[in-house]
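Q:
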Amino acid sequence: MAFLSSFDISASALSAQRLRMDIAAENIANIDTTRTEEGGAYRRKDVVFESYGSGSFQEAMRNAAQGKGIPSRNVGVRVAEVVEDDREMKMVYNPGHPDANEDGFVEMPNVDLLKETIDSMSATRSYDANVTALNALKMMAQKALDIGK
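If you read the sequence shown in the numbering used here, its first letter stands for residue 137, the second for the next number, and so on.
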């Protein structure tokens, strides 16, 4: 049923955006981490999303025009992978730091606080939009039940 798949779509988006927010928080928490279990400074992580269970937008429009509607199979978004950012690490001159090299430079994480803040804000806005969509679906279902009274 297409109506119920709308709940699945929003629910999958809520989960994906929550993980995106968790990764941004992890990046911010490790903004000064110069030692990791793998060795070296912390490397920024990023989330890659992918859609699943549906064809292209053109296919969806074609189906709608032909009256076929939305497929009843599971559709939504999921996290394809969490990748490490391959940008260069920041080198900061701090000869008193325990992790400083022989020239006095410390390899710092490639985390940019401004970018993480923007990612957090974007994830929050996307999460809020999906909550709004879920509330609209809930209201539509309630109105449909009221019609039957």
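Just so it is clear, CB atoms sit at the ideal spot from N, CA and C, and this is done for glycine as well.
Whole angstroms is fine: what's the gap from Glu186's alpha carbon to Val211's?
A: 11 angstroms
Q: The beta strand (DSSP E) with Glu252 in it runs from where to where?
A: That residue, Glu252, is in no beta strand (DSSP E); its alpha helix (DSSP H) goes Leu249 to Ile283.
Q: Quick check on DSSP: helix, strand or coil for Met225?
A: In the displayed model, Met225 falls within coil according to three-state DSSP, outside both helix and strand.
Q: Looking only at its chain, what residues have a beta carbon closer than 6 angstroms to the beta carbon of Thr260, apart from the 5 residues adjacent to it on each side?
A: none
Q: Helix, strand or coil, according to DSSP, for Ala286 in the structure here?
A: Residue 286 lies beyond the residue range present for the chain, which begins at 137 and ends at 285; the question has no answer from this structure.
Q: Which residues does DSSP pair with Asp182 in a beta bridge?
A: Val219
Q: Would you decide whether Met137 is buried or exposed? Buried here means 16 or more other CB atoms lie within 10 Å of its CB.
A: In this predicted model, Met137 has a pLDDT of only 46, less than 50, meaning its place in the structure is not dependable enough to derive any value.
Q: Leaving out five residues on either side along the sequence, give the residues of the same chain with a beta carbon under 6 angstroms from the beta carbon of Tyr229.
A: Gly240 and Phe241
Q: Are Ala149 and Asn266 closer than 8 angstroms when you measure CB to CB?
A: yes
Q: Alpha carbon to alpha carbon, how far is Glu252 from Ala161?
A: 8 angstroms
Q: Let's see if you can read the secondary structure: which residues bound the beta strand (DSSP E) around Glu243?
A: Phe241 to Met244
Q: Quick check on Arg171: does DSSP put it in helix, strand or coil?
A: coil
Q: Would you mind working out which of Lys274, Met257, Gly203 and Glu243 sits nearest Arg95, comparing C-alpha positions?
A: One cannot answer for residue 95 here, as it falls past the ends of the chain, which runs 137 to 285.
Q: To which residues does DSSP link Ser187 through a beta bridge?
A: Val213
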